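Enquirer:
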Amino acid sequence: MPNEMIELTKRQAWKDLDSHFRNIRASSLRRLFADDPSRGERMAVQAEGIYFDYSKHLITGETIKLLIRLADESHIRDRIDAMFSGEKINVTEKRAVLHVALRAPKGKSIRVDGKNVVPEVHAVLDKMADFANRVRSGSWKGYTGKPIRNVINIGIGGSDLGPVMAYEALRHYSKRDMTFRFVSNVDGTDFAEATQDLSPEETLFIISSKTFTTLETMTNAHTAREWTLRSLKQDSAVAKHFVAVSTNEKEVAKFGIDTANMFGFWDWVGGRYSMDSAIGLSTMIAIGPEHFRSMLDGFHKMDEHFRTAPFERNLPVIMGLLGIWYNNFFGAQTAAVLPYEQYLKRFPAYLQQLTMESNGKHVTREGKAVDYQTGPIYWGEPGTNGQHSFYQLIHQGTKLIPCDFIAFLKPLNQLGRHHDLLIANVFAQSEALAFGKTPEEVKAEGTPDWLIPHRTFEGNRPSTTILIESLTPEALGKLVALYEHSVFTQGAIWDIDSFDQWGVELGKALAVRIIPELEKEPSAGLQHDSSTNTLIRKYIGSRK
Ligand code: F6P
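First residue of the sequence shown? That's 0 in the numbering used here, and the numbers climb one at a time after it.
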């Protein structure tokens with residue numbers, strides 16, 4: 000940590016942004032666009048195949064200058080270098096943060112504790128590719144000699160959301176004669192529904208867990224083993240129907256999975272940053288090793304862009320700074336991610352873990368309580384469905400919600416007019432949000448006076464439009480890395496540890512205490528608060 004780091008709200012750029020905010024608040028997007036006819040072209044960056052239009056934000060050139068000064072005063076460049084060079088920037092867990100090494104090309108050198116980790120990354124990728132090819136070609140056989148037709152990934156959090164998002168996003172490229180499912184919830188319904196129409200003889204389970212101790216995943220894994228052995232009878236069938244992705248060889252062996260069928264990763268890969276590690280094994284089986292490598296290539300290109308591009312043309316930096324602007328100056332509580340692409344239907348859910356588990360923190364890296372807001376709530380749905388649901392609030396509600404619209408120029412499924420209609424809707428939404436409709440305009444349409452306020456749109460609601468040529472594996476890699484590094488930029492400015500997740504621990508520990516109280520009649524009296532005690536008694540009572 001640089002010694003000269005000044006507290007966030009005492010940095011000069013922060014103070015200047017604070018006064019600048021007062022001027023901007025009085026301005027409007029109508030005026031900003033009218034004053035500068037080339038704003039729409041000027042306030043956009045084209046980089047790495049992504050067109051990033053940020054002109055419909057409540058900003059001027061001065062805002063961007065000040066935000067970049069804030070990035071400089073927050074030593075973002077040093078922080079980026081520290082991450083890429085393997086420094087232990089996850090300070091509370093004393094770990095390096097090197098998801099960028101997962102997509103580094105062969106021949107690069109990234110060192111952790113003096114050891115180049117890139118060769119190990121490629122050794123695991125090669126092992127995954129060999130296994131994926133065997134499953135895809137049918138040469139990997141189940142216990143009774145039948146090829147595998149169904150793959151079920153069992154994992155939760157980063158060991159589920161990345162794989163399921165990537166599978167859905169890249170389904171167009173997937174092997175269509177195979178079925179891919181994802182079980183995460185400890186709710187038995189998840190497992191029951193995922194398996195009810197499948198044959199154990201043709202089903203492969205990938206148990207994905209960094210720690211291999213997560214309650215939900217281990218419960219589902221044991222249920223999967225019972226489900227398999229109920230049909231296949233012999234313990235030796237496990238080796239043919241179970242593989243593991245983990246950092247914990249000991250626990251994998253204890254579960255009964257042959258560690259030859261284990262795909263490793265490392266403690267410097269955070270769960271929510273792991274979809275391009277062996278945690279992506281289900282993705283690789285679905286789309287094949289070549290497509291998987293091209294996804295990694297996309298990640299790497301965005302990594303290099305983030306590492307080297309000047310901040311005024313650096314997509315993740317600009318995206319991160321705009322987030323700070325709304326979160327910390329406008330007081331926006333949430334941010335919406337609105338992909339106009341059905342294949343990205345799980346992208347908002349994936350981003351929720353990436354953004355909120357990373358930046359939902361209340362103390363600085365040194366442990367001091369922050370006196371400013373940190374990570375906003377991320378949410379979203381694919382367009383156009385959201386338009387007929389919650390967009391009303393974005394357009395006319397009392398809350399400011401910055402939106403990311405994500406769209407692809409070329410559709411993967413060309414069906415009549417569908418794509419033109421889809422894209423017309425994205426453009427219309429950002430236009431409507433930005434410029435609204437004045438009472439005069441509403442009146443001129445012949446609207447009776449009493450109805451005018453209801454039909455008026457204030458406008459001035461900010462959005463970014465992200466346009467990409469088409470949804471390829473490479474494009475997905477770039478898009479995910481864009482958000483990863485934007486989260487990094489924000490966390491670095493807020494001076495928090497974006498790579499730990501202590502906030503999930505208390506609930507886990509309390510559940511461990513309550514489980515035996517539900518499973519056997521507690522011998523001593525319940526020792527919780529009166530609400531929790533009553534809830535537990537009600538549940539126990541319901542079983543009598
Ligand atoms: O509970 C949160 C968490 O630790 C996430 O950070 C992680 O992605 C998830 O649980 C799953 O952990 P594991 O891969 O170790 O099962």
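All residues carry an ideal CB built from backbone N, CA and C; glycine is no exception. Please read these numbers as outputs of a predicted model, since none were measured by experiment.
Would you check whether ligand 1 has a heavy atom nearer than 8 angstroms to the C-beta of Glu250?
Expert: no
Enquirer: How big is the Cα-Cα spacing for Arg460 and Arg224?
Expert: 52 angstroms
Enquirer: Following the continuous alpha helix (DSSP H) through Glu530, name the residue where it begins and the one where it ends.
Expert: Contrary to the premise, residue 530 reads as Ser rather than Glu in this sequence. Here the alpha helix (DSSP H) through Ser530 covers 529-541.
Enquirer: What residues in its chain sit with their C-beta under 6 angstroms from that of Ile513, if we drop five residues either side in the sequence?
Expert: none
Enquirer: Ala474 to Ser173, Cα distance in whole Å?
Expert: Distance between Ala474 and Ser173, taken at the CA atoms: about 16 angstroms.
Enquirer: Leaving out five residues on either side along the sequence, give the residues of the same chain with a beta carbon under 8 angstroms from the beta carbon of Glu250.
Expert: Result list for Glu250: Thr210, Phe211, Thr212, in chain order.
Enquirer: Pairing CB atoms from the region 71-87 with CB atoms from the region 95-110, are three or more of them under 8 angstroms?
Expert: yes
Enquirer: Decide if Gln233 is buried, meaning its Cβ has at least 16 other Cβ atoms within 10 Å, or exposed.
Expert: exposed
Enquirer: What number of angstroms, rounded off, separates the C-alpha of Lys55 from the C-alpha of Ile400?
Expert: 13 angstroms
Enquirer: In terms of residue numbering, what span does the alpha helix (DSSP H) encompassing Pro515 cover?
Expert: 504-518
Enquirer: From the DSSP output, in three-state form, read off Phe498 for me.
Expert: coil
Enquirer: So Ile206 and Phe241 are in contact, right, with Cβ under 8 angstroms, and what is the actual spacing, rounded?
Expert: 6 angstroms
Enquirer: Hey, out of Leu478, Phe426, Gln489, whose CA is closest to Ser578's CA?
Expert: Outside the shown range of the chain, which is 0 to 543, sits residue 578, and nothing can be said about it.
Enquirer: Should Val99 be labelled buried (16 or more other beta-carbon atoms within 10 Å of its own) or exposed?
Expert: buried
Enquirer: With a 10 Å radius around its C-beta and 16 neighbouring C-beta atoms as the bar for buried, classify Asn2 as buried or exposed.
Expert: A caution first: Asn2 carries a pLDDT of 47, below 50, which makes its placement in the model unreliable, though a value can still be read off. Exposed: under 16 other Cβ atoms inside 10 Å.
Enquirer: Taking contact to mean 3 or more Cβ pairs, one atom from each stretch, closer than 8 angstroms, check whether the region 12-20 and the region 58-73 are in contact.
Expert: yes
Enquirer: Whole angstroms are fine: how far does the CA of Glu430 sit from the CA of Asp15?
Expert: 30 angstroms
Enquirer: Where do the N-terminal and C-terminal ends of the beta strand (DSSP E) with Ala335 fall, by residue?
Expert: Residue range 333-339 is occupied by the beta strand (DSSP E) that includes Ala335.
Enquirer: Run the CB neighbour count on Asn384, radius 10 Å, all protein chains shown included, and call it buried at 16 or more, exposed below.
Expert: exposed
Enquirer: Could you round the C-beta distance between Ala334 and Tyr377 to whole angstroms and report it? I think they count as a contact, below 8 angstroms.
Expert: 5 angstroms
Enquirer: Is the CB-CB distance between Leu343 and Pro375 below 9 angstroms?
Expert: Not in contact: Leu343 and Pro375 (Cβ atoms no closer than 9 angstroms).
Enquirer: Excluding five sequence neighbours on each side, which residues of the same chain lie with their C-beta closer than 6 angstroms to the C-beta of Ala220?
Expert: Ile153, Ile206
Enquirer: Quick one: any contact between the region 357-367 and the region 159-173, if contact means 3 or more CB pairs under 8 angstroms?
Expert: Touching, no, given that fewer than three Cβ pairs across the two stretches are closer than 8 angstroms.
Enquirer: Taking the C-alpha atoms as reference points, what is the distance between Thr194 and Arg148?
Expert: 13 angstroms
Enquirer: With respect to 8 angstroms, is the separation between the Cβ of Glu516 and the closest non-hydrogen atom of ligand 1 below this value?
Expert: no
Enquirer: Once DSSP output is grouped into helix, strand and coil, what is the label at Phe550?
Expert: Lying outside 0 to 543, the shown extent of the chain, residue 550 is not represented and no answer is given.
Enquirer: State yes or no: is the C-beta of Val182 nearer than 8 angstroms to some heavy atom of ligand 1?
Expert: no
Enquirer: State yes or no: is the C-beta of Arg76 nearer than 8 angstroms to some heavy atom of ligand 1?
Expert: In this structure, Arg76 has its CB at a distance of at least 8 angstroms from all heavy atoms of ligand 1.
Enquirer: When the Cα atoms are used, what is the spatial distance from Arg271 to Ala252?
Expert: One C-alpha to the other measures close to 25 angstroms.
Enquirer: Would you kindly report the start and end of the unbroken beta strand (DSSP E) that includes Asp559?
Expert: An answer regarding residue 559 cannot be provided, because it is not within the stretch 0 to 543 covered by the chain.
Enquirer: Once DSSP output is grouped into helix, strand and coil, what is the label at Met0?
Expert: A caution first: Met0 carries a pLDDT of 47, below 50, which makes its placement in the model unreliable, though a value can still be read off. Met0 falls in the coil class under three-state DSSP.
Enquirer: Hey, Met127 and Ala277: beta-carbon distance below 9 angstroms or not?
Expert: yes
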